[in-house]
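When you line the sequence shown up against this note's numbering, it's residues 2 to 140, in that order. Ideal Cβ placement from N, Cα and C applies to all residues, glycine included. Remember, it's a predicted structure, so these values are computed and weren't measured experimentally. Report on one structure; see the data block that follows.
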Amino acid sequence: MQKDVKKIWNSIITAIIGLMIALVVLIWGFKCLGYEVLVVQSGSMEPVYHVGSLIYVKSVEPEELEVGDVITFELGNGVRGTHRIIEILDNNGEISFITKGDANEMEDNKPVVEDAIVGQVKFTIPKLGFFITYIQQPP
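See the structure below:
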């Protein structure tokens with residue numbers, strides 16, 4: 002009986018360690034590859050990116066972006082937004098982007114300028130952001 006409890010306990014500890022290693026790779030490993038890992042905080046990009054999802058953002062040259070791409074950009078005061086490009090403006094060589102959240106009825110108030118772009122969203126992991134937020138800011 003005691004051996005069975007020990008086997009179960011060892012299995013639980015192994016699973017927890019495995020999960021911790023996977024989280025380290027999913028967050029810090031991708032940061033080492035040049036990705037920025039962010040947690041979706043609002044529903045403006047539903048149903049593609051749900052609240053609580055992790056999004057992986059990679060820096061790109063503005064010239065590489067196209068209509069339909071999803072970008073993360075600086076809004077000011079350390080706040081960032083992630084919306085889809087719906088139009089690209091070229092004003093004498095200065096590129097800016099009209100963006101809109103998929104769940105929003107109207108486009109964003111002002112165009113996103115090149116210098117404000119953090120990067121392009123490359124992929125997402127649904128719901129994992131809730132766990133990461135919990136670890137960073139426990140109740």
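Measure the alpha-carbon distance for residue i versus residue j and round it to whole angstroms.
i	j	result
C33	A23	15 Å
D70	V122	8 Å
E67	I99	11 Å
P1	V6	The displayed coordinates of the chain run from 2 to 140. Any statement about residue 1 would go beyond what the structure contains.
E108	K128	26 Å
E106	E88	15 Å
Where do the N-terminal and C-terminal ends of the alpha helix (DSSP H) with residue i fall, by residue?
i	result
V25	3-25
CB-CB under 6 Å to residue i, same chain, minus the five flanking residues each way: which ones, in chain order?
i	result
V114	S97
G102	S45, M46, H84
Can you tell me where the beta strand (DSSP E) holding residue i begins and where it ends?
i	result
Y57	55-59
V68	V68 -> no beta strand (DSSP E), and no H or E assigned at all.
H84	80-92
S97	95-101
G30	Premise fails: G30 is in no beta strand (DSSP E) and is neither H nor E.
Taking residue i and residue j to be in contact with their CB atoms under 8 Å, please state how far apart those CB atoms are, rounded to whole angstroms.
i	j	result
G53	F124	About 16 Å; that fails the 8 Å criterion.
L161	P112	Because the chain here runs from 2 to 140, residue 161 falls outside it and cannot be looked at.
I133	I28	7 Å
What does a CB cutoff of less than 7 Å around residue i pick up in its chain, not counting 5 residues either side in sequence?
i	result
Q3	none
G30	none
Ordered along the chain, which non-local residues of its own chain (more than five positions away) have a Cβ less than 8 Å from that of residue i?
i	result
V119	E37, V58, S60, I72, T73, F74, E75, R81
Beta-carbon of residue i versus every beta-carbon of chain C: anything under 8 Å?
i	result
W29	Considering every chain present, this structure includes no chain C. It has just one protein chain.
Exercise for review: Taking 8 Å as the threshold, find out whether the region 42-54 comes into contact with the region 6-26 through three or more Cβ pairs.
Suggested key: Under the 8 Å Cβ criterion, the region 42-54 does not count as touching the region 6-26, having fewer than three qualifying pairs.
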